[in-house]
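Numbering (the working numbering), first residue to last: 553 to 690. Idealized CB from N, CA, C, for every residue including glycine. Just so it is clear, the structure is predicted and the values come from calculations on it, not from any experiment.
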Amino acid sequence: MAVLFAVLTLGSLAGWIFLRHSFFIVPFIVCLSIWVEDFFPLSHFPMYSDPNESENYFYVATLDDKGEPKPLPVNELTGVTAPKVKKMYKSWARTFADKLGKSDTKLTKEERAEVGRDLLTYLKEQAVSRRKEIPGTA
Numbered sequence: 553m554a555v556l557f558a559v560l561t562l563g564s565l566a567g568w569i570f571l572r573h574s575f576f577i578v579p580f581i582v583c584l585s586i587w588v589e590d591f592f593p594l595s596h597f598p599m600y601s602d603p604n605e606s607e608n609y610f611y612v613a614t615l616d617d618k619g620e621p622k623p624l625p626v627n628e629l630t631g632v633t634a635p636k637v638k639k640m641y642k643s644w645a646r647t648f649a650d651k652l653g654k655s656d657t658k659l660t661k662e663e664r665a666e667v668g669r670d671l672l673t674y675l676k677e678q679a680v681s682r683r684k685e686i687p688g689t690a
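In structure tokens form, the structure reads like this:
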């Protein structure tokens with residue numbers, strides 16, 4: 553499918569260059585947008601590129617004395633905003649899955665936990681650089 557969009561993109565570009573007709577720019581832009589997907593330098597709308605029914609929020613929490621999760625102020629502790637934590641997790645999971653040769657939606661719970669541990673390690677490092685500590689992660 554990507555090859556088809558690449559051919560259509562290049563064909564539209566060639567038609568626009570050689571025939572100098574604005575009709576060819578529309579298929580060029582459409583095919584180019586589909587072909588490059590949500591890679592940020594080429595697309596300013598990565599958050600809208602793949603709407604699905606996955607979780608909308610990620611919580612970084614510690615357990616209180618009763619064993620109940622207590623959300624942590626991640627931005628205050630690490631300087632990383634909550635939406636950025638989700639984007640980092642999704643990006644790291646995609647990279648991890650690519651190394652294994654599969655889709656990020658096909659990762660097992662253990663593989664997702666490994667990505668989560670890597671992200672938590674990164675957040676701990678960010679907290680230390682701000683002279684703070686994430687509770688419960690000693």
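Pick out whichever of the options has its Cα sitting closest to the Cα of residue i.
i, options, result
"residue 637", "672, 560 and 562", "672"
"residue 647", "632, 628 and 667", "667"
"residue 641", "670, 578 and 567", "670"
"residue 622", "632, 631 and 610", "610"
"residue 527", "555, 556 and 577", "The structure shown has nothing for residue 527, since the chain only spans 553 to 690."
"residue 580", "572, 571, 561 and 645", "561"
"residue 691", "574, 631, 583 and 665", "Beyond the ends of the chain as shown, which are 553 and 690, falls residue 691; an answer cannot be given."
"residue 644", "665, 614, 633 and 630", "665"
"residue 631", "573, 566, 686 and 568", "686"
Would you give the residue range spanned by the alpha helix (DSSP H) that residue i belongs to?
i, result
"residue 629", "626-630"
"residue 659", "Element bounds for residue 659: n/a, residue is neither H nor E."
"residue 648", "634-652"
Per DSSP, what kind of secondary structure is residue i in: helix, strand or coil?
i, result
"residue 561", "helix"
"residue 622", "strand"
"residue 614", "strand"
"residue 677", "helix"
"residue 581", "helix"
"residue 666", "helix"
"residue 722", "Absent from the model: residue 722. The displayed extent of the chain is 553 to 690, so no value can be given."
With a cut-off of 8 Å, do at least 3 Cβ pairs link the stretch 625-642 to the stretch 672-686?
Contact between the stretch 625-642 and the stretch 672-686 is present, with at least three C-beta pairs closer than 8 Å.
Taking contact to mean 3 or more Cβ pairs, one atom from each stretch, closer than 8 Å, check whether the stretch 654-667 and the stretch 571-590 are in contact.
no
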